[in-house]
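Q:
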Amino acid sequence: MTQTFEKYFVPEPSKYPIFGSVALLLFTGGATMWLNGIQAGPWIFFLGIAVLVIMLFGWFGQVVHESEGGKYGHRVDRSFRWSMAWFIFSEVMFFAAFFGALFYARVLAVPWLSTGDTAQLLWQGFVGGWPTAGPDKPDAFTPMTAWGIPALNTLILLSSGVTLTWAHHGLRNDRRGQLKLGLLVTILLGLLFLGLQIYEYRHAYAELNLRLDTGIYGSTFYFLTGFHGMHVTVGAIMLTVMLGRAIAGHFTPDSHFGFEAAAWYWHFVDVVWLLLFLVVYLL
Numbered sequence: 001m002t003q004t005f006e007k008y009f010v011p012e013p014s015k016y017p018i019f020g021s022v023a024l025l026l027f028t029g030g031a032t033m034w035l036n037g038i039q040a041g042p043w044i045f046f047l048g049i050a051v052l053v054i055m056l057f058g059w060f061g062q063v064v065h066e067s068e069g070g071k072y073g074h075r076v077d078r079s080f081r082w083s084m085a086w087f088i089f090s091e092v093m094f095f096a097a098f099f100g101a102l103f104y105a106r107v108l109a110v111p112w113l114s115t116g117d118t119a120q121l122l123w124q125g126f127v128g129g130w131p132t133a134g135p136d137k138p139d140a141f142t143p144m145t146a147w148g149i150p151a152l153n154t155l156i157l158l159s160s161g162v163t164l165t166w167a168h169h170g171l172r173n174d175r176r177g178q179l180k181l182g183l184l185v186t187i188l189l190g191l192l193f194l195g196l197q198i199y200e201y202r203h204a205y206a207e208l209n210l211r212l213d214t215g216i217y218g219s220t221f222y223f224l225t226g227f228h229g230m231h232v233t234v235g236a237i238m239l240t241v242m243l244g245r246a247i248a249g250h251f252t253p254d255s256h257f258g259f260e261a262a263a264w265y266w267h268f269v270d271v272v273w274l275l276l277f278l279v280v281y282l283l
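In the working numbering, the protein residues as written are 1 to 283.
#1: For residue 278 and residue 98, which I take to be in contact (beta-carbon distance under 8 Å), what is that distance rounded to the nearest angstrom?
#2: Please report the distance separating the alpha-carbon of residue 4 from that of residue 76.
#3: In whole angstroms, what is the alpha-carbon distance linking residue 69 and residue 200?
#4: So, for residue 16: in the same chain, excluding its five sequence neighbours on each side, which residues have a beta-carbon less than 8 Å away from its beta-carbon?
#5: Any chance the segment 154-173 sits against the segment 111-127, with 3 or more Cβ pairs inside 8 Å?
#6: Could you please give the first and the last residue of the uninterrupted alpha helix (DSSP H) stretch that includes residue 277?
#7: Quick check: the segment 179-198 against the segment 217-233, are at least 3 beta-carbon pairs closer than 8 Å?
#8: Name, in chain order, the residues that DSSP records as bridge partners for residue 252.
#9: My guess is that residue 87 and residue 171 are in contact by the Cβ rule of under 8 Å, so how many angstroms apart are they, rounded?
#10: Taking 7 Å as the limit between beta carbons, can you name the residues of its chain near residue 33, skipping five residues before and five after?
#11: Find out if the Cβ-Cβ distance for the pair residue 218, residue 208 is shorter than 7 Å.
#12: In angstroms with no decimal places, state the Cα-to-Cα distance between residue 284 and residue 117.
#13: For the candidate residues 275, 280, 182 and 174, whose alpha-carbon lies nearest to that of residue 221?
#14: In chain order, what residues of the same chain have a beta carbon less than 6 Å from the beta carbon of residue 105, not counting five sequence neighbours either side?
#15: Roughly how many angstroms separate the alpha carbons of residue 237 and residue 120, rounded to a whole number?
#16: Let me know if residue 153 comes out buried or exposed under the rule of 16 or more other beta-carbons within 10 Å of its beta-carbon.
#17: In or out: residue 228 buried (at least 16 other Cβ within 10 Å) or exposed?
#18: If you reduce the DSSP assignment to three classes, tell me which class residue 223 lands in.
#19: State buried or exposed for residue 262, treating a residue as buried only when at least 16 other CB atoms are found within 10 Å of its CB.
#20: Just to confirm the assignment, what range does the alpha helix (DSSP H) spanning residue 209 have?
#21: Using CA coordinates, which residue listed in 66, 264 and 115 is at the minimum distance from residue 160?
#22: Which whole-angstrom value describes the C-beta separation of residue 91 and residue 11, a residue pair presumed to lie in contact below a C-beta threshold of 8 Å?
#23: From which residue to which residue does the alpha helix (DSSP H) around residue 55 run?
#24: Do you know how far the Cα of residue 21 is from the Cα of residue 257?
#25: Using beta carbons (cut-off 7 Å, strictly below), is residue 222 in contact with chain C?
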């Protein structure tokens with residue numbers, strides 16, 4: 001009795017990691033020089049961005065070509081799924097660190113600074129409670145409320161999760177029109193979310209005196225919401241690539257992990273925003 005084993009595709013050595021390393025070196029080096037007022041900094045920074053974009057187009061194009069060429073079997077698909085799962089887990093830990101910092105400041109550090117010997121010896125007159133900029137930030141600011149743009153953005157992201165799931169059902173049932181329309185609407189909702197968040201930041205800086213340097217409240221607010229906005233941007237780019245591939249005729253009802261990976265990432269972004277809305281805006 002003979003057994004047939006599926007071959008596991010092993011790609012040839014790639015030049016793209018070297019390009020990626022050079023791009024990151026130029027990107028970080030240029031940003032450092034730019035922040036320190038060196039004239040060549042912006043040019044080196046944008047050169048790194050250009051090299052990174054070229055690398056992404058080349059590397060992703062190669063992977064798409066291999067996928068459409070039928071080189072990825074079930075074992076490769078399984079390894080891709082595990083890789084994406086671990087990547088999202090690393091993103092969970094990334095945001096857990098920021099949520100942990102907010103919890104420590106809000107529940108432990110601020111009450112500690114306003115009570116006992118610490119208050120009497122160091123910060124007399126400081127009244128704890130949240131929101132606060134901290135004992136060394138006397139300038140008044142207005143905290144961000146949950147209703148208005150934050151609540152609207154919550155509705156937008158929840159709706160985008162629904163439209164993306166609808167697009168996924170269209171792909172699984174081989175309804176290409178539903179797939180493309182669902183992806184397009186999801187991307188537009190993501191862009192609307194980013195536009196409203198930019199408007200919220202401008203409003204916070206200009207009218208609420210809420211800035212990145214507004215003590216512990218300002219730093220935690222902008223770090224959590226800013227990094228989430230960056231993830232929404234990355235997710236919108238991923239979904240735009242998926243839309244382009246769908247228009248090109250890629251994906252089948254039984255083989256579409258590229259789409260699923262982008263969908264997993266987008267749903268993760270949705271869940272993170274719900275937690276953000278709850279602990280940053282609402283409570």
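Think of the CB as a built atom: it goes at the ideal place given N, C-alpha and C, for glycine as much as any other residue.
A: Put simply:
#1: Residue 278 to residue 98, Cβ: 14 Å. No contact.
#2: Low local confidence applies: a pLDDT of 44 at residue 4 is under 50, so the model's placement there is unreliable, with the coordinate-based value given in what follows. Their Cα atoms are separated by approximately 16 Å.
#3: Rounded to the nearest angstrom, the two C-alpha atoms are 46 Å apart.
#4: Excluding sequence positions up to five before and after residue 16, its CB lies within less than 8 Å of the CB of 55, 58, 59 and 62, all in the same chain and listed in chain order.
#5: Because the criterion of three Cβ pairs below 8 Å is not met, the segment 154-173 and the segment 111-127 do not touch.
#6: Here residue 277 belongs to no alpha helix (DSSP H), and DSSP marks it neither H nor E.
#7: Verdict: yes, contact present.
#8: Note: residue 252 is bridge-paired with 255 in the DSSP secondary-structure output.
#9: With a beta-carbon spacing of about 22 Å, residue 87 and residue 171 fall beyond the 8 Å limit used to define contacts.
#10: For residue 33, where only same-chain residues beyond five positions count, the Cβ hits under 7 Å are 40, 41 and 44.
#11: Residue 208 is positioned such that its CB atom lies no closer than 7 Å to that of residue 218.
#12: Any answer about residue 284 is impossible in this case: the structure gives the chain only from 1 up to 283.
#13: Comparing Cα positions, the closest option is 280.
#14: By the criterion of a C-beta distance shorter than 6 Å, residue 105 is surrounded in its chain by 216, once the five residues flanking it on both sides are discounted.
#15: Those two C-alpha atoms are separated by around 52 Å.
#16: Buried: at least 16 other Cβ atoms inside 10 Å.
#17: In summary, residue 228 is buried, with 16 or more beta-carbon neighbours lying within 10 Å of its beta-carbon over all protein chains present.
#18: In the displayed model, residue 223 falls within a helix according to three-state DSSP.
#19: Buried is the call here.
#20: Run containing residue 209: none; DSSP gives neither H nor E here.
#21: That would be 264, whose Cα lies nearest to the Cα of residue 160.
#22: Not a contact, Cβ separation roughly 25 Å.
#23: According to the DSSP assignment, residue 55 belongs to the alpha helix (DSSP H) that extends over 41-68.
#24: Spanning the two alpha carbons is a distance of roughly 27 Å.
#25: The structure shown contains no chain C; it is built from a single protein chain.
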